[in-house]
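Numbering follows the UniProt record's numbering, with no gaps: position 199 of the sequence shown is 199.
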Amino acid sequence: MEELGAVIFLKGGHVPRSFSEGGGQVSKRIGILTGGGDCPGLNAVIRGVVKSAVGRGWKVVGIEDGFDGFLHPEKCRCLGLEEVRGILPLGGTILGTSNRGNPFAFPMVREGKVELVDVSDEVCSRIKHLGLTALVVVGGDGSLKIAQELMRRGVPIVGVPKTIDNDLLETDVTFGYNTALETATEALDKLHSTAESHHRVMVLEVMGRYAGWIALESGIAGGADVILVPEIPYDIEKVSQAILERGRRGRRFSVVVVAEGAFPKGGGRVVKEAAGGKSVVERLGGVGEAFSRELGGVLEMDIRVTVLGHLQRGGSPSTFDRCIGSRFGVKAVELIESEAFGHMVCLKGRHITSVPIEDAIRSLNLIDPGGEMVRHAEALGIMLGR
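Here it is as structure tokens:
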């Protein structure tokens, strides 16, 4: 890889506008990484950044496997037009990703035990060595919190919101969410036929962590009879009565969507793996089976569970996610050009704009239990566990 001289990051994130010699055309070298869980549309963002940057005469360095790539020189590579050719319809990310590479709490094995070590100095040093004018961080809540901390260390950063959970504030939607939603809705369409044929209760467990957007919107679109989300603790007795009432009306089956973070009143979330050790954050999973056992204790019906799992993260991105991802990538380059560091690209209405990263990560974007979408779901006769 062609090397640039060391760059001194000044307090506040300001960097020199040009690394070219002789006072010629302003040239920039920008880095891009994808952090956290993968999702459809990541490659559209990478392509948007590269095509927009190259069109300005800039150079782009791709950092592989999230922030972890800065700790391994061989994981930093140049990205040009040839490298992004044909990637628009591909799922995943050509740069790879990781949700365990937090440089402020990096897991390292010492004497057979996993310890969390601060390697942020090494990351900042590598960024300087690469001569990056700015770094584009494409990620969700966790990755953008890391980005904000690196900004405080003087690294000039622009954020791009990515998560299938749609739980980031200050943007109408995150890319990847639409494709995951389509996958969940298609699954519900298919579960309906077997539920009706066998007079069963079909339970579909979907992702979303602490936000129930996938469950709520796919449930409405897929004609679910019950939707359980983390924001509304469910009452198993009321859920069972709603299903029995359907039976009295001649509807001998029910379709239930359960968000992975949903939990009963007076109970807690079902955790597959606690935070610590190999898992930096707690891994949710198993609520579908737990709920079906509760329901089976009060209903004499055949209950089957389908866990959609990582199918929601995979596959070719939808038209919406390809388009919004591409536009996000272009906007990220525009922010770098105007030196609007510390900002995150976002969608407001039909316009792509930006907000401070710190505003986007101050809390999670959660469903309002008394909000319009919940009221509309209940008006459609959908039981939300209360």
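Just so you know, even glycine gets a beta-carbon here, dropped at the ideal spot from N, CA and C. In this text the structure is predicted, and so the values were computed from the model without any measurement.
Cβ neighbour criterion (16 or more within 10 Å) applied to residue i
i	result
residue 265	exposed
residue 109	exposed
residue 89	exposed
residue 31	buried
residue 248	exposed
residue 116	exposed
residue 184	buried
residue 65	buried
residue 112	exposed
residue 208	buried
residue 373	exposed
residue 201	buried
residue 82	exposed
residue 375	exposed
residue 86	exposed
residue 381	exposed
residue 162	buried
residue 212	buried
residue 338	exposed
residue 267	exposed
Whole-Å CB distance - residue i paired with residue j, under 8 Å assumed
i	j	result
residue 274	residue 229	With 8 Å as the limit, residue 274 and residue 229 do not qualify as a contact, their Cβ atoms being about 22 Å apart.
residue 164	residue 56	With a Cβ gap of about 31 Å, residue 164 and residue 56 do not count as contacting.
residue 158	residue 351	In fact, because the Cβ distance is near 17 Å, the residues do not count as touching under 8 Å.
residue 257	residue 298	19 Å between Cβ atoms; not a contact.
residue 50	residue 80	7 Å
residue 347	residue 171	5 Å
residue 308	residue 204	6 Å
residue 168	residue 360	6 Å
residue 188	residue 214	That belief does not hold up - the Cβ atoms of residue 188 and residue 214 are roughly 11 Å apart, past 8 Å.
DSSP bridge partner residues for residue i (one or two, in chain order)
i	result
residue 354	345
residue 108	115
residue 307	205
residue 34	138
residue 383	226
residue 264	234
residue 100	Answer is none; residue 100 lacks a bridge partner.
residue 255	202
residue 388	The question about residue 388 has no answer, for the chain in this structure spans 1 to 386.
residue 59	29
residue 186	None, per the DSSP bridge assignment.
residue 283	273
residue 78	61
residue 94	Answer is none; residue 94 lacks a bridge partner.
residue 157	135
residue 144	Bridge partners of residue 144: none, in fact.
residue 364	168
Residues of its chain near residue i, where Cβ-Cβ distance is below 8 Å and the 5 sequence neighbours each way are ignored
i	result
residue 199	252, 253, 301, 302
residue 29	4, 19, 58, 59, 60, 61, 130, 131, 132, 133
residue 428	Here the chain covers residues 1 to 386 and nothing more, so residue 428 does not appear.
residue 54	60, 80, 81
residue 294	236, 264
Close-in-space but distant-in-sequence residues of the same chain around residue i (CB under 6 Å, 5 per side omitted)
i	result
residue 369	231, 232
residue 22	Caution applies to residue 22, whose pLDDT of 33 falls short of 50 and renders its modelled position unreliable; the model cannot decide the point.
residue 196	253
residue 219	227, 257
residue 179	40, 317, 318, 321
residue 397	Lying before the first or after the last residue shown, residue 397 is absent from the chain, which here runs from 1 to 386.
residue 77	62
residue 95	34, 62, 64
residue 329	45, 48, 49
residue 36	99, 139, 140, 142, 143
residue 306	204
Same chain, Cβ closer than 7 Å to residue i, neighbours up to 5 away in sequence not counted
i	result
residue 147	137, 157, 159, 357
residue 119	71, 103, 106
residue 246	225, 254
residue 38	92, 93, 97, 313
residue 378	384
residue 75	63, 64, 65, 69
residue 353	346
residue 25	With a pLDDT of only 46 at residue 25, under the threshold of 50, the placement of this residue in the model should not be trusted; the figure read from the coordinates follows. Excluding positions up to five away in sequence, the list reads 57.
residue 149	104
Beta carbon proximity, residue i to chain D, threshold 8 Å
i	result
residue 170	Reference to chain D is not applicable here, since this structure consists of a single protein chain.
*Specify whether the region 34-49 and the region 322-331 touch according to this definition: at least 3 beta carbon pairs, one from each stretch, less than 8 Å apart.*
yes
*Counting pairs of Cβ atoms below 8 Å between the region 168-186 and the region 113-133, do you hit three or more?*
no
*Indicate whether the contact test is met: 3 or more Cβ pairs, each with one atom in the region 64-76 and one in the region 116-124, closer than 8 Å.*
yes
*Validate contact between the region 377-385 and the region 238-250 using beta carbons, cut 8 Å, 3 pairs*: Yes, since at least three Cβ pairs between the region 377-385 and the region 238-250 fall closer than 8 Å, the two stretches touch.
*Mind the definition here: the region 279-289 touches the region 314-321 only if three or more C-beta pairs lie below 8 Å; say whether that holds.*
no
*Touching or not, the region 356-369 and the region 139-148, by the rule of three or more beta carbon pairs under 8 Å?*
yes
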